[in-house]
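Participant: Sharing a structure below in structure tokens format, with a few things to ask.
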Amino acid sequence: MIEGLFLENWGAFPPSRWQQWLIEQSNRHQKGIWPSLCRRLVSFRLRHPLDVVALGAKLRLYPVGNLCEKRVLFTEADFDPGELEQLAKRIHPGFKFVDIGANIGLYSLFVAAQAGPKAKILAVEPQPQIKQRLKFNLSNNQPHQISHVDCAVADKKGMARMGISRRNRGASGFALRSGKTPDDEFVVQTRALAELLESFGMTGADALKMDIEGAEELVLPRFFADTKRADLPKMLLLENNSGWKIDCIALAEEHGYTRTLTTKRNVVLEQDL
1 MIEGLFLENW
11 GAFPPSRWQQ
21 WLIEQSNRHQ
31 KGIWPSLCRR
41 LVSFRLRHPL
51 DVVALGAKLR
61 LYPVGNLCEK
71 RVLFTEADFD
81 PGELEQLAKR
91 IHPGFKFVDI
101 GANIGLYSLF
111 VAAQAGPKAK
121 ILAVEPQPQI
131 KQRLKFNLSN
141 NQPHQISHVD
151 CAVADKKGMA
161 RMGISRRNRG
171 ASGFALRSGK
181 TPDDEFVVQT
191 RALAELLESF
201 GMTGADALKM
211 DIEGAEELVL
221 PRFFADTKRA
231 DLPKMLLLEN
241 NSGWKIDCIA
251 LAEEHGYTRT
261 LTTKRNVVLE
271 QDL
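Sequential numbering of the sequence shown, starting at 1, is according to UniProt numbering.
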């Protein structure tokens, strides 16, 4: 997959008529041999991204090497439907949303499209090639609503090494936390979550989504210790990671949250009112 095709405006890489038909077939059927074959035919020897509209946003998608991009291209209706529905019910003008591990910005752009011009959104993503894709997608949609923050969230301010998975860049994370040898590594600035939110005026955000490949157990204990209950996000959307040594769901419940949705991938928790 050729990287760095960001000089061309959105719309420069539309799916061909044949590719579009295969994408529609995959979205219509989703499971089974036929949609799987459709996805393979589109991805086979693909040397450029595809420009599409999905989740209410103009997106440039690289369907190879990043699972979330593949999911939203080929199975858009199955891209976290319960989580997005739960989020959409809470959205209002001026909605404050924090996207930790924003990847290419799918959640951030969904909220921006739903919440309108008064929304305030923080998209945190440090991975070099992924943040390029994120910034490109933001520039073609609602850039004034969304602020990109180039850092990783941890338990303290500092520097850390992160490992990259080229097979699925969304699975990249702190190198020392991974049981596998990373394909590549980079050094990233880290910030504590409470300090980050305060610096951007996002304390007490309406919703916070966190998908950081198991590092939630590093971030959340410090965050809850540093933050008054009244200043916590009203909603948490967490990746449900079976590899946690600390039960982050139980930890959130101890701090006034109730689980309102559990899916295959994620858990949604909301503050008790």
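Where is the CB? At the ideal position from N, CA and C, for every residue including glycine.
Using the rule of at least 16 other Cβ atoms within 10 Å of the residue's Cβ for burial, across every protein chain shown, is LYS228 buried or exposed?
Facilitator: Counted from its first residue, the sequence shown places residue 228 at position 228. Result: exposed.
Participant: Mind checking whether ILE100 and ALA112 have CB atoms under 9 Å apart?
Facilitator: Walking along the sequence shown from the start, residue 100 turns up at place 100. Walking along the sequence shown from the start, residue 112 turns up at place 112. Their beta carbons are not under 9 Å apart, which means ILE100 does not touch ALA112 by this criterion.
Participant: Please determine, among ILE91, LYS157, PRO221 and ASN240, the residue with the shortest C-alpha to C-alpha distance to ARG191.
Facilitator: Looking up residue 191 in the sequence shown gives position 191. Selected option, being the one with the closest Cα: LYS157.
Participant: Taking DSSP's pairing of strands, which residues face ALA112 in a bridge?
Facilitator: Taking the sequence shown and counting its residues from 1, one reaches residue 112 at position 112. None; ALA112 has no bridge partner.
Participant: I believe ASN141 touches ALA225 by the beta-carbon criterion, under 8 Å. Please report the beta-carbon distance rounded to the nearest angstrom.
Facilitator: Numbered from its first residue, the sequence shown carries residue 141 at position 141. Numbered from its first residue, the sequence shown carries residue 225 at position 225. Between ALA225 and ASN141 the Cβ distance is about 36 Å, and since that is not below 8 Å, they are no contact.
Participant: Touch check for the stretch 117 to 132 and the stretch 233 to 244: three-plus C-beta pairs under 8 Å?
Facilitator: No: the two stretches stay apart, fewer than three of their Cβ pairs being nearer than 8 Å.
Participant: Closest Cβ-Cβ distance between ARG229 and chain B: below 9 Å?
Facilitator: This model lacks chain B altogether; it includes just one protein chain.
Participant: Reducing DSSP to helix, strand and coil, say where ASP211 ends up.
Facilitator: As a position in the sequence shown, residue 211 is number 211, starting the count at 1. ASP211: coil per DSSP, three-state reduction.
Participant: If you check the beta carbons only, do LEU41 and LEU50 fall under 9 Å apart?
Facilitator: Working through the sequence shown from its first residue, we reach residue 41 at position 41. Working through the sequence shown from its first residue, we reach residue 50 at position 50. Taking 9 Å as the Cβ cut-off, LEU41 and LEU50 do not qualify as a contacting pair.
Participant: Nearest-angstrom Cα distance between GLN30 and ASP80?
Facilitator: Walking along the sequence shown from the start, residue 30 turns up at place 30. Walking along the sequence shown from the start, residue 80 turns up at place 80. One C-alpha to the other measures close to 14 Å.
Participant: What is the DSSP secondary structure of TYR257, reduced to helix, strand or coil?
Facilitator: Taking the first residue of the sequence shown as 1, we reach residue 257 at position 257. Correct three-state label for TYR257: strand.
Participant: Would a C-beta distance cut-off of 9 Å place VAL268 and LEU87 closer than the cut-off?
Facilitator: Your numbering for residue 268 matches position 268 in the sequence shown. Your numbering for residue 87 matches position 87 in the sequence shown. Yes, these two residues count as a Cβ contact at 9 Å.
Participant: Using 8 Å for Cβ pairs, my map puts LEU251 next to LYS209. What's the rounded Cβ distance?
Facilitator: Taking the first residue of the sequence shown as 1, we reach residue 251 at position 251. Taking the first residue of the sequence shown as 1, we reach residue 209 at position 209. Going by Cβ atoms, the distance from LEU251 to LYS209 rounds to 17 Å, so no, they are not a contact pair.
Participant: Between PHE95 and TYR107, is the Cβ-Cβ spacing less than 9 Å?
Facilitator: As a first step, residue 95 must be located in the sequence shown, where it is residue number 95. As a first step, residue 107 must be located in the sequence shown, where it is residue number 107. Not in contact: PHE95 and TYR107 (Cβ atoms no closer than 9 Å).
Participant: Cβ of residue 278 within 9 Å of Cβ of GLY204?
Facilitator: There is no way to answer for residue 278, as the model of the chain reaches only from 1 to 273.
Participant: Helix, strand or coil: which one does DSSP assign to ASN137?
Facilitator: Here residue 137 refers to the residue found at position 137 of the sequence shown. In the structure shown, ASN137 sits in a helix (DSSP, three-state: H, G or I).
Participant: Hey, which unbroken runs of the beta strand (DSSP E) at 3 residues or more fall wholly within the stretch 39 to 94?
Facilitator: Qualifying beta strand (DSSP E) stretches, in chain order: 50 to 54 and 57 to 61.
Participant: For GLY11, which residues from the same chain have a beta carbon less than 7 Å from its beta carbon, with the 5 sequence-adjacent residues on both sides left out?
Facilitator: For the purposes of this step, residue 11 is identified with residue 11 of the sequence shown, where counting begins at 1. So the qualifying residues of the chain are ASP51.
Participant: May I ask you to list the residues that DSSP assigns as paired with GLN271?
Facilitator: As a working note, residue 271 is residue 271 in the sequence shown. GLN271 pairs with TYR257.
Participant: Have a look at ALA102 and SER199 and give me their C-alpha separation to the nearest angstrom.
Facilitator: Taking the sequence shown and counting its residues from 1, one reaches residue 102 at position 102. Taking the sequence shown and counting its residues from 1, one reaches residue 199 at position 199. C-alpha separation (whole angstroms): 18 Å.
Participant: For ASP272, which residues from the same chain have a beta carbon less than 8 Å from its beta carbon, with the 5 sequence-adjacent residues on both sides left out?
Facilitator: For this step, residue 272 is matched to residue 272 along the sequence shown. Within the same chain, ASP272 has close Cβ partners GLY256, TYR257 and THR258.
Participant: Please return the same chain residues whose Cβ sits closer than 6 Å to the Cβ of LYS118, not counting the five positions on each side in sequence.
Facilitator: Counting from 1 along the sequence shown, the entry for residue 118 is found at position 118. Excluding sequence neighbours, LYS118 sits near PRO93 and GLY94.
Participant: If the criterion is Cβ atoms closer than 9 Å, does the pair GLN25 and PRO35 meet it?
Facilitator: The residue given as residue 25 occupies position 25 in the sequence shown. The residue given as residue 35 occupies position 35 in the sequence shown. Against a cut-off of 9 Å, the Cβ pair of PRO35 and GLN25 comes out as a contact.
Participant: First and last residue of the beta strand (DSSP E) that includes GLN189?
Facilitator: Position 189 of the sequence shown, counting from 1, holds the residue named residue 189. Its beta strand (DSSP E) spans residues 184 to 192.
Participant: Determine the closest residue to LYS264 out of CYS38, THR181, ASP247 and GLY82, with distance taken between C-alpha atoms.
Facilitator: Within the sequence shown, numbered from 1, the residue matching residue 264 stands at position 264. Ranking the options by Cα distance to LYS264, first place goes to GLY82.
Participant: Hey, how far is the Cα of MET1 from the Cα of GLU254?
Facilitator: As a working mapping, residue 1 is identified with position 1 in the sequence shown. As a working mapping, residue 254 is identified with position 254 in the sequence shown. Unreliable positioning characterises MET1 in this predicted model, as indicated by a pLDDT of 45, which lies under 50. A coordinate reading is not provided.
Participant: From ARG17 to MET202, what does the alpha carbon distance come to, in whole angstroms?
Facilitator: For the purposes of this step, residue 17 is taken as residue 17 along the sequence shown, with counting starting at 1. For the purposes of this step, residue 202 is taken as residue 202 along the sequence shown, with counting starting at 1. Approximately 44 Å between the Cα atoms of the pair.
Participant: Note down, in chain order, each residue of its chain lying with its Cβ closer than 7 Å to the Cβ of GLU69, except the 5 sequence neighbours on either side.
Facilitator: Counting from one through the sequence shown, the residue named residue 69 turns up at place 69. So the qualifying residues of the chain are LEU61, TYR62, PRO63 and ILE104.
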